[in-house]
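Chains Z and L, in that order, give the protein sequences.
For the first sequence, the positions run 13 to 526 when the numbering used here is used.
For the second sequence, the positions run 13 to 526 when the numbering used here is used.
For each residue, glycine too, the CB sits at the ideal point set by N, CA and C.
Source: prediction; values computed, not measured.
Protein chains: 2
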Amino acid sequence: MMRGHLPGAALAAAVLILNLCGLAHAASGEDIALKGNAQGATPCSDCHGGHGEGQPDAGFPRLAGLNAGYIAHQLASFADGTRPNDIMGPIAKTLSAAEQQAVASYFAGLNPPLAAATTPAAPDPVAAGAVLAQRGDWSKGLPGCGQCHGPGGTGVGSRFPRLTGQSAAYIASQLLSWKKGARHDDPIGLMKSVATKLDDNEIKAVAAYYASLPLAGSTAPVTAPVASTTSPAATKPATGAATFTPPPESAIPNNKFGDMVRLGETIFTDTQHSAKGFVGNNLQCANCHIDRGRLANASPLWAAYVVYPAYRAKNGQVNTFEERMQGCFRFSMNGKAPPAGDKVLVALQTYAFFLAKGAPTGVNLPGRGYPKLKKPAKLDYAHGQEVYAAHCAVCHGTEAQGQSSARGDVVFPPLWGAKSFNWGAGMGSITNAAEFVKANMPLGEGGSLSDQDAWDVATYIDSQERPQDPRFAGSLAETRKKYHNSAMSMYGRVANGVLLGEKSPPSGILPQAH
Amino acid sequence: MMRGHLPGAALAAAVLILNLCGLAHAASGEDIALKGNAQGATPCSDCHGGHGEGQPDAGFPRLAGLNAGYIAHQLASFADGTRPNDIMGPIAKTLSAAEQQAVASYFAGLNPPLAAATTPAAPDPVAAGAVLAQRGDWSKGLPGCGQCHGPGGTGVGSRFPRLTGQSAAYIASQLLSWKKGARHDDPIGLMKSVATKLDDNEIKAVAAYYASLPLAGSTAPVTAPVASTTSPAATKPATGAATFTPPPESAIPNNKFGDMVRLGETIFTDTQHSAKGFVGNNLQCANCHIDRGRLANASPLWAAYVVYPAYRAKNGQVNTFEERMQGCFRFSMNGKAPPAGDKVLVALQTYAFFLAKGAPTGVNLPGRGYPKLKKPAKLDYAHGQEVYAAHCAVCHGTEAQGQSSARGDVVFPPLWGAKSFNWGAGMGSITNAAEFVKANMPLGEGGSLSDQDAWDVATYIDSQERPQDPRFAGSLAETRKKYHNSAMSMYGRVANGVLLGEKSPPSGILPQAH
Numbered sequence: 013m014m015r016g017h018l019p020g021a022a023l024a025a026a027v028l029i030l031n032l033c034g035l036a037h038a039a040s041g042e043d044i045a046l047k048g049n050a051q052g053a054t055p056c057s058d059c060h061g062g063h064g065e066g067q068p069d070a071g072f073p074r075l076a077g078l079n080a081g082y083i084a085h086q087l088a089s090f091a092d093g094t095r096p097n098d099i100m101g102p103i104a105k106t107l108s109a110a111e112q113q114a115v116a117s118y119f120a121g122l123n124p125p126l127a128a129a130t131t132p133a134a135p136d137p138v139a140a141g142a143v144l145a146q147r148g149d150w151s152k153g154l155p156g157c158g159q160c161h162g163p164g165g166t167g168v169g170s171r172f173p174r175l176t177g178q179s180a181a182y183i184a185s186q187l188l189s190w191k192k193g194a195r196h197d198d199p200i201g202l203m204k205s206v207a208t209k210l211d212d213n214e215i216k217a218v219a220a221y222y223a224s225l226p227l228a229g230s231t232a233p234v235t236a237p238v239a240s241t242t243s244p245a246a247t248k249p250a251t252g253a254a255t256f257t258p259p260p261e262s263a264i265p266n267n268k269f270g271d272m273v274r275l276g277e278t279i280f281t282d283t284q285h286s287a288k289g290f291v292g293n294n295l296q297c298a299n300c301h302i303d304r305g306r307l308a309n310a311s312p313l314w315a316a317y318v319v320y321p322a323y324r325a326k327n328g329q330v331n332t333f334e335e336r337m338q339g340c341f342r343f344s345m346n347g348k349a350p351p352a353g354d355k356v357l358v359a360l361q362t363y364a365f366f367l368a369k370g371a372p373t374g375v376n377l378p379g380r381g382y383p384k385l386k387k388p389a390k391l392d393y394a395h396g397q398e399v400y401a402a403h404c405a406v407c408h409g410t411e412a413q414g415q416s417s418a419r420g421d422v423v424f425p426p427l428w429g430a431k432s433f434n435w436g437a438g439m440g441s442i443t444n445a446a447e448f449v450k451a452n453m454p455l456g457e458g459g460s461l462s463d464q465d466a467w468d469v470a471t472y473i474d475s476q477e478r479p480q481d482p483r484f485a486g487s488l489a490e491t492r493k494k495y496h497n498s499a500m501s502m503y504g505r506v507a508n509g510v511l512l513g514e515k516s517p518p519s520g521i522l523p524q525a526h
Numbered sequence: 013m014m015r016g017h018l019p020g021a022a023l024a025a026a027v028l029i030l031n032l033c034g035l036a037h038a039a040s041g042e043d044i045a046l047k048g049n050a051q052g053a054t055p056c057s058d059c060h061g062g063h064g065e066g067q068p069d070a071g072f073p074r075l076a077g078l079n080a081g082y083i084a085h086q087l088a089s090f091a092d093g094t095r096p097n098d099i100m101g102p103i104a105k106t107l108s109a110a111e112q113q114a115v116a117s118y119f120a121g122l123n124p125p126l127a128a129a130t131t132p133a134a135p136d137p138v139a140a141g142a143v144l145a146q147r148g149d150w151s152k153g154l155p156g157c158g159q160c161h162g163p164g165g166t167g168v169g170s171r172f173p174r175l176t177g178q179s180a181a182y183i184a185s186q187l188l189s190w191k192k193g194a195r196h197d198d199p200i201g202l203m204k205s206v207a208t209k210l211d212d213n214e215i216k217a218v219a220a221y222y223a224s225l226p227l228a229g230s231t232a233p234v235t236a237p238v239a240s241t242t243s244p245a246a247t248k249p250a251t252g253a254a255t256f257t258p259p260p261e262s263a264i265p266n267n268k269f270g271d272m273v274r275l276g277e278t279i280f281t282d283t284q285h286s287a288k289g290f291v292g293n294n295l296q297c298a299n300c301h302i303d304r305g306r307l308a309n310a311s312p313l314w315a316a317y318v319v320y321p322a323y324r325a326k327n328g329q330v331n332t333f334e335e336r337m338q339g340c341f342r343f344s345m346n347g348k349a350p351p352a353g354d355k356v357l358v359a360l361q362t363y364a365f366f367l368a369k370g371a372p373t374g375v376n377l378p379g380r381g382y383p384k385l386k387k388p389a390k391l392d393y394a395h396g397q398e399v400y401a402a403h404c405a406v407c408h409g410t411e412a413q414g415q416s417s418a419r420g421d422v423v424f425p426p427l428w429g430a431k432s433f434n435w436g437a438g439m440g441s442i443t444n445a446a447e448f449v450k451a452n453m454p455l456g457e458g459g460s461l462s463d464q465d466a467w468d469v470a471t472y473i474d475s476q477e478r479p480q481d482p483r484f485a486g487s488l489a490e491t492r493k494k495y496h497n498s499a500m501s502m503y504g505r506v507a508n509g510v511l512l513g514e515k516s517p518p519s520g521i522l523p524q525a526h
């Protein structure tokens, strides 16, 4: 490794030689970071610290451990002005694309301790910030920060950077930049939208919360009293009017019943781990049931709970709520239904019961399921693909593979393929998917797509391979006849040259899964 | 057998001889019936027909097939004037007690076809009568006739005569007699009370219904439209104010969901047969949950449904409604809990869900369980025994063995002994039993006993042997410590010289049971 003892000209010559040798990236990243470059870039370390640890009090962000793609993207944004910055703009412009990548990789590989801030966050905003960061405030369509940046803010991919390690001052300044429109390099306008929904105190709180977390991003528990202060219970729908509001988290009692409610909520939001033996893909219950099953028009648990037992044409029987949930595990979670009476089902049922407190039994409440959409004249796969690329891929991935956080939490669910819901799931119906997308996608931006966009992107998503229907009846034709006899299922149909279902990955929990 | 060819004096002599020989009963019964007696009694057959078939149009009741004890009791009542009757009074007075028994046994053994009435009942009152006869009208505390006379009115024991086979005219005339107070030989005033709650049209309807039934008492189904006309859904409590009314039976839809509701109701009211493998005693769900789970303050299903899942100290867990019902089968029904997800439980849950339609989830509704009673200074076993003899024994039997109808339906549940609930049941708590009795017993006469009477009779009932607690922990002391550690359980205590629990019959479904 090169150390900082050579004069400038000698360094430039050395860089040139290394570039010519094709060895430039590793070396020049560190050199640029510590020495700047020959085109006049000052060393990154002047502001961001000798190990990329940042200067919390001065508002210079920590670069160490950020996703390399994210850093490179920021440098490009500084250079092209989409992230306007008087200091970084001129510096970024001196870096070639290869240099941007090199310096990004360099910082991504560092892991120094946290830089100490002289202004530790007061506990109150931290606590209030925890609610916003983890839960959001769906009464104004605000997702929790962690829903994109990962639980604990450890970062997801190249577009949702790590938040832990940054100072409160830096986080707050960036949120204000998005809000004011000074910064606008965010994917599909998500940060602009989110920041606009936050008032100044909320910005301070959420910034203080993330500044208080260790680098590994342990998630502070959201305690009931805190939850009550920000009223996350109000769950107004993006479209359609809901008449019912579930009780706030603060109403969960501190007794054994409350313990079961909390266990149910944990299973609902962290299904991967909390119901491990029953999940065969990378989904959580809360992926489709937004705001932890609270949000109207996103299949809220409270609306479902009160209408079961009910007859379901899907299996030709009267199903209890428990049996309905077993179906979720078998199809949507592509797993194995917990046996009747299993604690997983008891806990989920108790959680749903808690959310439904006060709701009238047996009554179809406004906000149940998704708002109906009028069927369009035409479903357009190609246009759906365009919609997907423009609005969905940034989170769900270009191949809908989903994305996990830096510490391994699945954050964005896969929408097709071996780790998504199987052909038997309700979301495999184009109608259901279109209605869900229209009301709820992109996250926090429900209602922003046109009806036709929603139908087409649903058509595109539901025209891809996914795990086989576990009720497979021996042939595609027979399975389609028995379980997919609707124009809204692409199962057994050809889309984009593929006979769907023919090469479906096996359904259920596979030996290699988890 | 003697035939009617001897002159009167010879007959009297023959009777005397037979009496002296100790062979009088069988012979004199038939003779009295067909010939009268020497003391001036006209032959029974003059009015009641040659085979005891009655004369429907003239209002003379059918005697054939009535319970012998019942007939003998009527003759005694005619004789002592508690059943005043210008014709029967003088005749009954000529009969010795032995002659009353003899003629009663004679008629009890006959089984001629129904006598044809020239005035067939119109269908409408029959249908309306079916509801009253089978369901009663609990909005005015009126039990169904069949709840004492047996389903189909085939009669129960010596105090609740067979109603089938009687003419509408006779049934109506008797109801009017009770109502007017002309007849008052009814056990614990039950018929006076019941008849007073019926208006003239209802009397006609219920009389027409029973007159329309075959002798074997097939029960006409209560159809939904009929049920709706008499609004049996209103279930006002005997004490305490209920704010919720379950939907009427007519609201059960004619689809597969409705089929499951109806199956649940059938299991609830005919648990013996409809949940056969899970019941180890002679009880039905509807024995404790009056008016088929509808009646407030009698543990109505609608109030229970909406408060589960709930934590129960009984098993230290959060129980779903399904698990709560499993407990009923294990303890109250002294049987075997149907496995989670079993159709029996699904049907019962669906029925409870239907009854709870519109009730707020998770809210403790007025009318739930039984109204609380203030604990008295003293519990008096001996006084409880007196209360039992005076108010309970007529239905439940002197040894609380319960009573079945002539065709074998269990009508009155056993309150202790091998065919009753076991030591683990909720009704084994003196508090629960006292509160149930106070609010609901005698049937249709809830609130008529004093609080002290209710406490004492509950103490008496719960101080008798019954099937062992299925959680038996190896010794009485250990079982008491773990499951009966309350002054309100007599388990493991001495009552009336018996160490309760020590000689309990085994719990559960025994090989010889059913």
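Neighbour flag for valine 356/Z against chain L, beta carbons, 7 Å: Within the first sequence, the letter at position 344 stands for residue 356/Z. Not a single C-beta of chain L is nearer than 7 Å to the C-beta of valine 356/Z.
Tyrosine 538/Z to glycine 374/Z, Cα distance in whole Å? Residue 538/Z lies beyond the stretch modelled for chain Z, which goes from 13 to 526, so this question has no answer here.
Chain Z contact for glutamate 94/L (CB, 7 Å cutoff): Position 82 of the second sequence, counting from 1, holds the residue named residue 94/L. With the sequence shown as reference, residue 94/L is identified as threonine, and glutamate is not the correct amino acid for it. Not flagged as an interface residue toward chain Z: threonine 94/L, since no C-beta distance is shorter than 7 Å.
Per DSSP, cross-strand counterpart(s) of leucine 313/Z: By one-based count along the first sequence, residue 313/Z stands at place 301. For leucine 313/Z, which the question treats as bridged, DSSP gives no partner whatsoever.
In whole angstroms, what separates the C-alpha of phenylalanine 72/Z from that of glycine 121/Z? Here residue 72/Z refers to the residue found at position 60 when the first sequence is read from its first residue. Here residue 121/Z refers to the residue found at position 109 when the first sequence is read from its first residue. Going by the C-alpha atoms only, they are around 19 Å apart.
From which residue to which residue does the beta strand (DSSP E) around glutamine 413/Z run? As a first step, residue 413/Z is located in the first sequence; it is residue number 401 there, counting from the start. No beta strand (DSSP E) holds glutamine 413/Z; DSSP gives it neither H nor E.
Hey, quick one: how far does the alpha helix (DSSP H) through asparagine 336/Z stretch, first residue to last? Position 324 of the first sequence holds residue 336/Z. First, the amino acid is wrong: residue 336/Z is arginine here, not asparagine. Where arginine 336/Z is concerned, the enclosing alpha helix (DSSP H) stretches over 333–339.
Tell me whether the region 197–216 of chain L and the region 100–118 of chain L touch, counting them as touching only if at least three CB pairs, one residue from each stretch, are closer than 8 Å. Proximity of the region 197–216 of chain L to the region 100–118 of chain L falls short of the contact definition, fewer than three beta-carbon pairs being nearer than 8 Å.
Just grab the DSSP bridge partners of proline 372/Z for me. Here residue 372/Z refers to the residue found at position 360 when the first sequence is read from its first residue. Proline 372/Z pairs with Pro372/L.
Distance, leucine 75/Z Cα to isoleucine 83/Z Cα: Translated into positions along the first sequence, residue 83/Z becomes position 71. Translated into positions along the first sequence, residue 75/Z becomes position 63. Counting only the Cα atoms, leucine 75/Z lies some 8 Å from isoleucine 83/Z.
Would you kindly work out how many angstroms separate the C-alpha atoms of glutamate 447/Z and valine 469/Z, rounded to a whole number? As a working note, residue 447/Z is residue 435 in the first sequence. As a working note, residue 469/Z is residue 457 in the first sequence. Each residue's alpha carbon lies about 11 Å from the other.
Do we get a CB-CB distance below 7 Å when we pair phenylalanine 326/L with the residues of chain Z? Residue mapping note: residue 326/L aligns to position 314 of the second sequence, counting from 1. Reading off the sequence shown, one finds lysine at residue 326/L, where the question assumed phenylalanine. So no, lysine 326/L is outside the interface.
Leucine 534/Z and alanine 217/Z: beta carbons closer than 7 Å? No information on residue 534/Z is available, as it lies outside the stretch 13 to 526 that chain Z covers here.
Whose C-alpha, out of Thr332/Z, Tyr382/Z and His285/Z, is nearest the C-alpha of tyrosine 363/L? Here the question's residue 363/L lines up with position 351 in the second sequence. That would be Thr332/Z, whose Cα lies nearest to the Cα of tyrosine 363/L.
Work out the CA separation of leucine 427/Z and methionine 272/L for me, nearest whole Å. Looking up residue 272/L in the second sequence gives position 260. Looking up residue 427/Z in the first sequence gives position 415. Rounded to whole angstroms, the gap between the alpha carbons of methionine 272/L and leucine 427/Z is 37 Å.
Residue span of the alpha helix (DSSP H) that contains tyrosine 323/Z, given as start and end: For the purposes of this step, residue 323/Z is taken as residue 311 along the first sequence, with counting starting at 1. Element bounds for tyrosine 323/Z: not the alpha helix (DSSP H) but the beta strand (DSSP E), 322–324.
Output the boundary residues of the alpha helix (DSSP H) element that contains phenylalanine 90/Z. Within the first sequence, residue 90/Z is the residue found at index 78, counting from 1. 80–92 is the extent of the alpha helix (DSSP H) around phenylalanine 90/Z.
Nearest by alpha-carbon distance to aspartate 43/L: which of Ala80/L, Glu111/L and Lys152/L is it? As a position in the second sequence, residue 43/L is number 31, starting the count at 1. It is Glu111/L whose Cα lies nearest to the Cα of aspartate 43/L.
When you compare only the Cα positions, how much space is there between leucine 307/L and proline 259/L? For the purposes of this step, residue 307/L is taken as the residue at position 295 of the second sequence. For the purposes of this step, residue 259/L is taken as the residue at position 247 of the second sequence. Rounded to the nearest angstrom, the gap between the Cα atoms of leucine 307/L and proline 259/L is 12 Å.
Quick check: the Cα distance between histidine 85/Z and glycine 165/Z, rounded to an integer number of angstroms? Translated into the one-based positions of the first sequence, residue 85/Z becomes position 73. Translated into the one-based positions of the first sequence, residue 165/Z becomes position 153. The straight-line gap separating the alpha-carbon atoms of histidine 85/Z and glycine 165/Z is approximately 19 Å.
Can you pull the chain Z neighbours of threonine 278/L, defined as C-beta to C-beta under 8 Å? One-based indexing of the second sequence puts residue 278/L at position 266. Those do not exist, as threonine 278/L stays about 15 Å from chain Z at its closest Cβ, beyond 8 Å.
Could you tell me the distance, in whole angstroms, from the CA atom of aspartate 58/L to the CA atom of glycine 52/L? Position 46 of the second sequence, counting from 1, holds the residue named residue 58/L. Position 40 of the second sequence, counting from 1, holds the residue named residue 52/L. So the alpha carbons of these two residues sit roughly 13 Å apart.
Quick one: what does DSSP say glutamine 543/L is sitting in, helix, strand or coil? Any property of residue 543/L remains undetermined from this structure, which presents chain L solely from 13 to 526.
Using the beta-carbon count (16 or more within 10 Å), is threonine 247/L buried or exposed? Along the second sequence, one-based indexing puts residue 247/L at 235. Note that threonine 247/L scores a pLDDT of 42, beneath 50, so its modelled location is shaky; the value from the coordinates is reported in the next line. The residue in question, threonine 247/L, is buried, as its Cβ has 16 or more Cβ neighbours within 10 Å.
Local Cβ density within 10 Å of asparagine 299/Z, reported as buried at 16 or more and exposed below that: The residue labelled residue 299/Z in the question sits at position 287 within the first sequence. Asparagine 299/Z should be labelled buried.
Got a sec? Which residues, its chain only, sit under 7 Å from isoleucine 103/Z by beta carbon, not counting five neighbours each side? Counting from one through the first sequence, the residue named residue 103/Z turns up at place 91. The beta carbon of isoleucine 103/Z lies closer than 7 Å to those of Ala53 and Thr54 in the same chain, with the five residues before and after it left out.
Closer than 7 Å, CB to CB, is threonine 332/L near chain Z or not? Taking the first residue of the second sequence as position 1, residue 332/L is located at position 320. Interface with chain Z (7 Å Cβ-Cβ cutoff): threonine 332/L is included.
Could you check where the beta strand (DSSP E) with phenylalanine 424/L kicks off and where it finishes? Locating residue 424/L in the second sequence gives position 412, counting from the first residue. 422–424 is the extent of the beta strand (DSSP E) around phenylalanine 424/L.
Return the residue from the list Gln476/Z, His408/Z, Leu461/Z and Ala412/Z that minimises the CA-CA distance to tryptophan 435/Z. In the first sequence, counting from the first residue as 1, residue 435/Z sits at position 423. The candidate whose alpha carbon is nearest that of tryptophan 435/Z is Gln476/Z.
Beta-carbon proximity check, glycine 148/L vs leucine 154/L, cutoff 7 Å: By one-based count along the second sequence, residue 148/L stands at place 136. By one-based count along the second sequence, residue 154/L stands at place 142. Between glycine 148/L and leucine 154/L, the gap from beta carbon to beta carbon is short of 7 Å.
Threonine 54/Z lies in the alpha helix (DSSP H); which residues open and close that run? For this step, residue 54/Z is matched to residue 42 along the first sequence. Taken as a continuous stretch (DSSP letters only), threonine 54/Z belongs to no alpha helix (DSSP H), as it is neither H nor E.
What does the alpha-carbon distance come out to for the pair asparagine 10/Z and glycine 77/Z? Not covered by the structure: residue 10/Z. The range shown for chain Z is 13 to 526.
Determine the extent of the alpha helix (DSSP H) in which phenylalanine 365/L is found, giving its start and end residues. In the second sequence, counting from the first residue as 1, residue 365/L sits at position 353. Counting along the chain, the alpha helix (DSSP H) containing phenylalanine 365/L begins and ends at 355–367.
Using a cut-off of 8 Å between C-beta atoms, extract the partners of proline 321/L located in chain Z. As a first step, residue 321/L is located in the second sequence; it is residue number 309 there, counting from the start. Those within 8 Å of proline 321/L in chain Z are Phe269, Met272, Val358, Gln361, Thr362 and Phe365.
Selected residue, minimal CA-CA separation from phenylalanine 90/L, among Gly81/L, Thr278/L and Lys105/L: Translated into the one-based positions of the second sequence, residue 90/L becomes position 78. Phenylalanine 90/L has its Cα closest to that of Lys105/L, out of Gly81/L, Thr278/L and Lys105/L.
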